[in-house]
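Using our numbering, read the sequence shown as starting at 865 and increasing by one per residue. First up is the structure itself, then whatever we jot down about it.
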Amino acid sequence: MGMDFSTLRTLISRYCVGEENWVDSRTIYIGHKEPPSGTEAFIQQRYPDNRIVSSKYTFWNFIPKNMFEQFRRIANFYFLIIFLIQLIIDTPTSPITSGLPLFFVITVTAIKQGYEDWLRHKADNSVNQCPVHVVQHGKVVRKQSRKLRVGDVVSVKEDETFPCDLILLSTSREDGTCFVTTASLDGESSHKTYYAVQDTRAYNTEKEVDSIHATIECEQPQPDLYKFVGRINIYMDNEPVARPLGSENLLLRGATLKNTEYIYAVAIYTGMETKMALNYQSKSQKRSAVEKSMNAYLVVYLCILIGKSIINTIMKYVWQADANRDEPWYNHRTVSERERHILIRAFTDFLAFMVLFNYIIPVSMYVTVEMQKFLGSYFIMWDDEMFDEELGERAVVNTSDLNEELGQVEYVFTDKTGTLTENNMEFIECCVDGHVYVPNIICNGQVMTGAGMDMIDTSPGPGAREHEELFFRALCLCHTVQVKEEETVDGIKQGIHQGKSTSFYISSSPDEVALVEGMKRLGFTFLRLKDSHMEILNREDEIERFELLEVLTFDSVRRRMSVIVRSSTGELYLFCKGADSSIFPRVISGKVEQVKARVEHNAVEGLRTLCVAYRPLSPEQYQEVCDLLNGAKLALQDRDRRLAEAYDLIEKDLILLGATAVEDRLQDKAADTIESLHKAGMKVWVLTGDKMETAAATCYASKLFRRNTQILELTTKRTEEQSLHDVLFDLSRTVLRQHGGMTRDTFSSLSGDCTDYGLIIDGATLSAVMRPAQEDSNSGNYKEIFLEICRNCSAVLCCRMAPLQKAQIVKLIKASKEHPITLAIGDGANDVSMILEAHVGIGIMGKEGRQAVRNSDYAIPKFKHLKKILLVHGHYYYIRISELVQYFFYKNVCFIFPQFLYQFFCGFSQQPLYDTAYLTLYNISFTSLPILLYSLIEQHINMDILKKDPSLYRDIAKNSLLRWRNFIYWTVLGVYDAVVMFFGAYFLFDNTTFTSNGQLMTTNTQMMFGNWTFGTLVFTVLVFTVTFKLALDTHYWTWINHFVIWGSLIFFVIFSLLWGGIIWPFLNYQRMYYVFMQMLSSGPAWLSIILLITASLVPDVVKKVIWRALWPTTTERIQNADKLYKGQLSEFSPLAHLHAPNKAGGQRRGSAAQRNPRRNNWCCLCANILSRNTP
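Listed below in structure tokens is the structure:
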């Protein structure tokens, strides 16, 4: 018998590792039972076991894998090369000088990462070894979770967590439902209902479940928690019966069983293929602007290093061109080395100079920056002002790599519902056929008969009474609300009382709960869903039962949901509710104009509106609907598209009943936060799926739009009247006529002098704008025109936005020519795409689950906390890390440039100026701790002032402290200090004489003369100068600063005394013996050290004094004033007079102090210099 090639190909694709991805679906055999003969071929596929692996390393691969990851960093790889060069060739410095710092950095990082991975291993083992119960041969067998396989039938009891992704077969409940909480997956604590397969829900014992003969076909694993497509084939009398499987049948790993005694389910995705594992895989790495600047500076310093090495190599051979000059004797060059080819010798010398000067690249800076970011992130988490008592939650830092980016934000993209608003819905009114109903407040849980509604319009006639009750029934039936029928109060279970339900409602959507509660206040109470029947208590206290036949679930594309129900009298109804834009086009009758007018009125008031419609169905129409839905549900390919098409065909020819209005209140201090962000120079965009009128009302309430803001509309309504091309050019002319072709940033300080524009755009128009231009069209590129309009608007509202469009907007702004830093903030799953796209993503701990929080870089309890995390924490982080980066480069220039100058005085012999111990410990011990502490606790301005005056944020915008001008200044300052230190010490050694015992001694200082004495003197001045420089830059002094700064200097002195005062047996040289003590025993040497330190620091101090006097920034003005007020400036108001004067236009003459601001500045500066840097 020959085998068909297609069968062979299937076998190969299923069995071979790596080919699994080519298969679109998988077949699972429940209980590992073969299907009946003749039905289909039994091919057991290979799947991973149920082992969860969150760790990166194993015992065997830790060292190679960790080393590979660490040496992928440019700085680490560079130092490794330098270390290898020192080992291979004869270099002037010991390999220890490069190897020890590198070993320290690599070891500390490896220990940190190894410890974190060990914790992950422990967590994995505790999960993988927990017991699970599996049905085998009609009995329940206990085994470890990691041994679970796809196809195993699992038994789970109440309050247990699902060990893998399961398809629900049967439950302890008669209706085949179970209740589940998914808090660990998406943060939603509400009880969600899941459904067993219709044909297996009667199998309630181990033996019955073991007798199930079925296969499941489903899609391959994918991370979407809310999407699943599959079907189950149940073999009855060898004939398969196919049933659709969807997300309502899928129990996810990590979710917990509630209010259900037990369930039986079959494993379909295990281990790292579960949706939870796929969701927790790493996101793309974000890099801050500061890190990019660091890398750019590193390249510059690498070029300087290569330049120095080339110059010294050339000068060496120029020097040795004289026949009387040769390689110095102390370099110990062998004859064979001297006889090598000149190019080889030159290259070797070039590498030796590279090694000698390599300390200009600070390897320890990367470790310090990592420590600063990691430790600094705790200040956000410890901030009590960002603790929310209502939620009991603090701010969370998911990544510390972007701390300083919080101080650079230029665009803020925010969601509306749940972010600007509370997402705490309150039913306000409903409108039925033009008649408005407003429920009164319930008194003591009772609704007075006839007092439950207030008829604003004239009472409906008898004919309209039926429509009114149909509307109320529609809202009681068309939802996914769950009823918790029993609530424990003071230890007593409360249930149905006197025919009235004391139950409360739970739903994943707050809107639905508000609507059902609103109907309860109007006399119609939804009681329960039981055995596919929904029960309602009407105004006459009669219970009405409706059989729930189909649920057409809500989705963000359709923006509506529907149910099909059968009344107790046999009538069939389709009830539909949704956004007005998705209901009105489908309505064929009803009082559309009256309802539409009320909807628009409520939208302008800022209320969330929904429209309700219905359609009576005949049995024949219902049968058509069933066939249409079943065909779509059973499809494995394109099920979503086919379902959407089916829904579109079913939800038509509707009769309008009315509309509802629900209020979503603004969050506390949301308006104040947005106003502060505007003052800080940030542009705030609101991206929402709501209708334009509702969103615009929220924007006015939150002060995004002001009453004098001129609103520009770029909406579908306008583009229907004019072409998109004409509308865009009209808007462009409007804003550019006012601003003269300049962006609004130019007028940031003149907001009162120019018209304030606000732009409103909807999703449909945005799609047209984003659509790439056709080659044969004259439309051109609309994106650039759109961006130009947006740049000149103070605020932008994007309404009717799909989640993907939110990310497109963020990406569009990110990619614009200014490349601004963007921040996205939201609270729901629909905000995740823009949170991941933005430079900084912030999640709100809201009521729409925790997807946004899980995918964000930072999470805060409320929108108001955005003000502090940006204006205070972000400001501080940026100031601190900017000083840290530039200070590191500065102190390394000071450190290594004297070494470069020294080569001109030692015949370019590669003789080091400093001792090996000093070379090794300079960046590790002597100068690292003060700058680390500075970068953690420095506060250049009082925290209260930063909150009170958001405009200070503008002083650090656009990476202003790390621009090339600042970088060049710090580099030049480092070169100047190095020149002063080197030549100052050199001239002190200028006159030398021989002592009576033949030693060389300087006439000036009475010190024994030698290269190590010279180098030690330069190094001592160096350490004190760079530490004092940091002390002068410190504004916020505490006892910790004093301890670390002066302590590091004392440590240097003590180390030098011990290093040179003891003959160390493990050293093969004793060149530093007694050098430091000898130097300190000379009085002139002390004077020289003081003079050289002073000469090094004076120019920087003078420059700052002059700059502060003549061109002070707003920050410097407030610093000076705060000194005069002795730190109490924040208690005085206003701060506006301290801002830099407006350079545009003439200034009015004021008081004497105002007429002579320079004199004022000098007075402030004198006071500042006298009181500066004192504790």
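Using N, Cα and C, we set each Cβ at its ideal position, and we do this for glycine too. Fair warning: this is a prediction, and the values are worked out from it, not measured in the lab.
Secondary structure of residue i, DSSP reduced to three states
i	result
I1076	coil
R1392	strand
H1205	coil
K897	coil
A2008	Per-residue confidence for A2008 stands at a pLDDT of 40, beneath the threshold of 50, marking its modelled position as unreliable; the derived number appears in the next sentence. Note: A2008 maps to coil in three-state DSSP.
V917	coil
W982	helix
S1615	Annotation note: pLDDT 40 at S1615 (below 50); position unreliable, coordinate value reported separately. In the structure shown, S1615 sits in a helix (DSSP, three-state: H, G or I).
M1546	coil
G1624	Per the sequence presented here, residue 1624 reads as Ile, with Gly not at that position. Looking at I1624 - three-state DSSP - the assignment turns out to be strand.
R1117	coil
D1252	strand
M1665	coil
C1654	helix
P995	strand
I1805	coil
S889	strand
K1675	helix
A1060	coil
Q2040	The chain is shown from 865 up to 2039; residue 2040 falls before or after that span and cannot be answered.
K1225	The displayed chain sequence assigns Ile, not Lys, to residue 1225. I1225: coil per DSSP, three-state reduction.
R1095	strand
Cβ-Cβ distance between residue i and residue j below 8 Å
i	j	result
M1698	L1551	yes
S1446	L1438	no
C1079	I894	The question names Cys, yet the displayed sequence has Thr at residue 1079. Against a cut-off of 8 Å, the Cβ pair of I894 and T1079 comes out as a contact.
L1116	K1091	no
V1302	E1290	no
T1278	V1548	yes
L1492	A1510	yes
F1790	S1912	yes
G1690	L1661	no
S1260	Y1722	For the record, residue 1260 in the displayed sequence is Val; it is not Ser. Yes. Within cutoff.
S1157	N1823	yes
T1285	D1528	yes
I1370	I1132	no
P1814	V1908	no
G1545	Y1741	no
G1019	Y1099	According to the sequence provided, residue 1019 is Ser. The question's Gly does not apply to it. Taking 8 Å as the Cβ cut-off, S1019 and Y1099 do not qualify as a contacting pair.
Proximity to residue i [Cα-Cα], best of the options
i	options	result
N1097	V1061, N1068, E1072, L1115	V1061
V1887	G1271, D1517, R910, S1792	S1792
E1682	I1208, D1213, K920, V1273	V1273
F1771	T1177, S1453, A1535, A1153	With the sequence shown as reference, residue 1771 is identified as Gly, and Phe is not the correct amino acid for it. Among T1177, S1453, A1535, A1153, the Cα nearest to that of G1771 is on T1177.
T1978	F1831, D1252, A1821	A1821
V1826	Y1751, T1417, D1841	Here residue 1826 is Leu; the residue named in the question, Val, does not match the sequence. When each option's Cα is compared against that of L1826, the closest is Y1751.
T1041	N1123, A974, F1759	N1123
T1281	M1665, V1882, T1580	M1665
L1391	L1169, N1830, D1375, Q1346	Q1346
E1254	S962, P1725, K1812	P1725
K1172	F1761, Y1850, W1950, I1801	F1761
CB contact below 8 Å: residue i versus chain D
i	result
G1002	Judged by its chain identifiers, the structure shown contains no chain D, having just a single protein chain.
Taking 8 Å as the cut-off, does the stretch 966-975 touch the stretch 1006-1016 (at least 3 CB pairs, one atom from each stretch)?
no
If you scan the stretch 1885-1946 from start to end, which runs of the beta strand (DSSP E) of 3 or more residues do you find wholly inside it?
none
Those runs of the alpha helix (DSSP H) which lie wholly inside the stretch 1505-1586 and span at least 4 residues
1534-1543, 1556-1565, 1580-1585
Are the stretch 947-954 and the stretch 915-927 touching by the rule of at least three beta carbon pairs closer than 8 Å?
no
For the stretch 1475-1482 and the stretch 1510-1521, state whether three or more C-beta atom pairs, one from each stretch, are separated by less than 8 Å.
Yes, they touch.
Threshold first: 3 residues or longer. Then list the beta strand (DSSP E) segments lying entirely within the stretch 1679-1745, N to C.
Counting only runs of at least 3 residues, the stretch 1679-1745 fully encloses the following beta strand (DSSP E) elements, listed from N- to C-terminal order: 1686-1690, 1704-1708, 1722-1724.
Taking the runs of the beta strand (DSSP E) that are 3 residues or longer, which of them lie wholly in the stretch 932-968?
none
Curious, which full-length alpha helix (DSSP H) runs of at least 4 residues does the stretch 993-1031 contain?
none
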